[in-house]
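These protein sequence lines are chains F and V, in that order. Residue numbers for the first sequence follow the working numbering, beginning at 36 and rising by one. Residue numbers for the second sequence follow the working numbering, beginning at -17 and rising by one. Report on one structure; see the data block that follows.
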Amino acid sequence: MWLRVYALVLRHLYLYRRSVTRIGDIFFWPVMNLLVWGFVTDYLQKMVLPKAVVFLIGGMIFWDLLYRSQQAITLSLSEEIWVRNIMNVFIAPVSILEIMVATCIVGVLKALTVMVVLGVLAYGLYAFNVLVMGWALVPFFSILLLFGWAVGMFTMGLALRFGHAAEALIWGIPFLIQPFSAVFYPIEVLPRWLQTVAYFMPSTYVFEGMRAVLQAGRLDLGTLAMAVWMNGLYLAGGAAFFGWMLHRVREKGLLSRLYLE
Amino acid sequence: MTGEAVIEVQGLTKRFGSVVAVADLSFSVRRGEIFGLLGPNGAGKTTTIQLLLGLTTPTAGTIRVFGLDLQKHRRAILQRVNLAATYVSLPTNLTVWENLNVFARLYGIRKPRAKIEELLELFDMTPLARRVTGTLSSGQITRLNLCKALLNDPEVLFLDEPTASLDPEVAARVRDILRQIQRTRGITMVFTSHNMREVEALCDRILFLARGRAVAQGTPEEVRARFRTQSLEEAFIVLARDERLYDVAEVGGAD
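This is how it looks when you write it as structure tokens:
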């Protein structure tokens, strides 16, 4: 019996021996959870409770918007790999730009749907009206959507290059951003050095902006402009990374073998 | 076959690190012929097809399709070619019709209904149009892949082991359909298979590959004569077992 048990254990350990992503996955979620909820608890201890609920629900809705935007982009391509359709797509006379635009449209549709559904549920269940943010919703929505696309292009590049082996990264990378985006707590809660990291995330300006609008009804356009500028850089970087990964895949002849990776 | 060359390959080489998958390959495929790429596993057949479709970047050499450089005119060429292969599937969670509709539009067919109906009819798939692809048998999936591969009326059709994993009866039907398509539409086919009888029955000319190199080229009769065998299957076995033959010159001349 133990020989067979050993064989089955070995079968799983073999997967981890050569896969940094799988090893990373063991530590990733617990660490991210500890970071996010540790900072949230720290924040809640210092603030007046009624606002906390509003901020948390608002943060949750906007976070999901960013997450869905990234996932929609990445999963559209990953699904083609999983069902072994990727070669059919790449031998059709379709440009990379067309593939990108199509996945971004899917991203917008999913993000809008999520936003509407969560907005309605939050109003019905918690009397939280997302529309109270007024026209500020437009830049918030746009910045998170674009940042989701930028991250999505990066994870899509990883999915294309590493196939199944990159699945953990596809799901996990957005949560690498979460603790540093001040989603559920203000940026001042973070240690000084992490605040510097946070200011490099366009999403940070949205979550900070959301709290400012909900608390004081004011919006700092200067910080939002910074987020838009950063998004431009990240989108260019994401597209360049995806292009580089595609180039590597073509060099290595991986398109027909991605589902095996 | 005396048609113009639709595919011209010169000095094609592909290295993956220290492994040479395709080595200095030169050949041409004429319009309207069925051209077989043969060889043992790992000979470089699939890599060659991927190079011909621009899915893999060559290390050296040139590929011209319809007189156009593949590197520079890949999209224009892809509009006029297609592929069906055993290792490629259509999304299993879409219906037969949905899959064909998506790919028809990818190939720029604005009103695809008539085209899809024609192909479903050709492959006896009409009753299966509303079936989810994942519920089809392997023979039906092969026919669906061929439907997809003919959506754009390709001038060149790449078929990478299209009858692998099919039972003999279904494989024979697929061969009949391929022969009929080639006769009626004049499509050029580049074909790989491990079934040597199938190759003998279908192909006008063949290129034998071993370790990425061309070891024999010509009509099936010429290749049989070259190896002094009664069938291509015997020639295949001789070739696979005797590495010294890997250095021989081609028999049919490099077109």
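For every residue, glycine included, the Cβ atom is placed at its ideal position computed from N, Cα and C.
Quick check on the burial criterion: 16 or more other C-beta atoms within 10 angstroms. Buried or exposed for residue i?
{"i": "Gln213/F", "result": "buried"}
{"i": "Thr115/V", "result": "buried"}
{"i": "Tyr161/F", "result": "exposed"}
{"i": "Ala192/V", "result": "buried"}
{"i": "Met36/F", "result": "exposed"}
{"i": "Glu243/F", "result": "buried"}
{"i": "Thr68/V", "result": "buried"}
{"i": "Leu102/V", "result": "buried"}
{"i": "Ile140/F", "result": "exposed"}
{"i": "Pro226/F", "result": "exposed"}
{"i": "Gly187/F", "result": "buried"}
{"i": "Glu115/F", "result": "buried"}
{"i": "Asp77/F", "result": "exposed"}
What first and last residue would you give for the alpha helix (DSSP H) that runs through residue i?
{"i": "Val4/V", "result": "Element bounds for Val4/V: not the alpha helix (DSSP H) but the beta strand (DSSP E), 1 to 12."}
{"i": "Val173/F", "result": "172 to 197"}
{"i": "Phe17/V", "result": "Careful: Phe17/V lies outside any alpha helix (DSSP H), inside the beta strand (DSSP E) at 16 to 20."}
{"i": "Ala137/F", "result": "131 to 161"}
{"i": "Ala58/V", "result": "56 to 60"}
{"i": "Gly121/V", "result": "120 to 132"}
{"i": "Phe105/V", "result": "It is not in any alpha helix (DSSP H) - Phe105/V carries neither H nor E in the DSSP assignment."}
{"i": "Pro209/F", "result": "202 to 212"}
{"i": "Arg208/V", "result": "202 to 209"}
{"i": "Ala217/V", "result": "214 to 223"}
{"i": "Met122/F", "result": "121 to 125"}
{"i": "Lys27/V", "result": "27 to 34"}
Do residue j and residue i count as a contact pair if the criterion is CB distance below 9 Å?
{"i": "Glu137/V", "j": "Arg56/V", "result": "no"}
{"i": "Gln32/V", "j": "Gly288/F", "result": "yes"}
{"i": "Leu128/V", "j": "Ala66/V", "result": "yes"}
{"i": "Met191/F", "j": "Phe277/F", "result": "yes"}
{"i": "Thr170/V", "j": "Ile188/V", "result": "no"}
{"i": "Asn64/V", "j": "Phe140/V", "result": "yes"}
{"i": "Leu110/F", "j": "Ile205/F", "result": "yes"}
{"i": "Thr108/V", "j": "Pro40/V", "result": "no"}
{"i": "Phe209/V", "j": "Leu20/V", "result": "no"}
{"i": "Gly26/V", "j": "Arg179/V", "result": "no"}
{"i": "Pro128/F", "j": "Val263/F", "result": "no"}
{"i": "Leu101/F", "j": "Leu180/F", "result": "yes"}
{"i": "Phe197/F", "j": "Pro237/F", "result": "no"}
{"i": "Thr239/F", "j": "Phe215/F", "result": "yes"}
{"i": "Lys86/F", "j": "Leu249/F", "result": "yes"}
{"i": "Gly93/F", "j": "Val165/F", "result": "yes"}
{"i": "Phe163/F", "j": "Val89/F", "result": "yes"}
{"i": "Gln164/V", "j": "Ile16/V", "result": "yes"}
{"i": "Phe48/V", "j": "Val(-12)/V", "result": "yes"}
{"i": "Ser113/F", "j": "Glu202/F", "result": "yes"}
The beta strand (DSSP E) with residue i in it runs from where to where?
{"i": "Gln(-8)/V", "result": "-13 to -2"}
Every unbroken alpha helix (DSSP H) inside the segment 134 to 195 of chain V [4 residues or more]: Segments of the alpha helix (DSSP H) lying fully in the segment 134 to 195 of chain V: 150 to 167, 178 to 184.
Uninterrupted alpha helix (DSSP H) stretches inside the segment 214 to 265 of chain F (no shorter than 4 residues): Entirely contained in the segment 214 to 265 of chain F, the alpha helix (DSSP H) runs reaching 4 residues are, in chain order, 227 to 233, 237 to 251.
Stretch-stretch touch, CB-based, cutoff 8 Å, three pairs: the segment 226 to 235 of chain F with the segment 196 to 210 of chain F: In this structure the segment 226 to 235 of chain F does not touch the segment 196 to 210 of chain F; the number of beta carbon pairs closer than 8 Å is below three.
Three-pair Cβ contact test at 8 Å for the segment 248 to 256 of chain F versus the segment 167 to 176 of chain F: Enough Cβ pairs lie closer than 8 Å, so yes.
Any beta strand (DSSP E) of 3 or more consecutive residues that is wholly inside the segment 38 to 83 of chain V: Those beta strand (DSSP E) runs which fall completely within the segment 38 to 83 of chain V and span 3+ residues are 42 to 47, 63 to 67.
The segment 119 to 131 of chain F contacting the segment 34 to 41 of chain V, beta-carbon criterion three pairs below 8 Å: Touching, yes.
Cβ pair count under 8 Å reaching 3, the segment 154 to 168 of chain V against the segment 66 to 85 of chain V: The segment 154 to 168 of chain V, when compared against the segment 66 to 85 of chain V, does not touch it at the 8 Å Cβ threshold.
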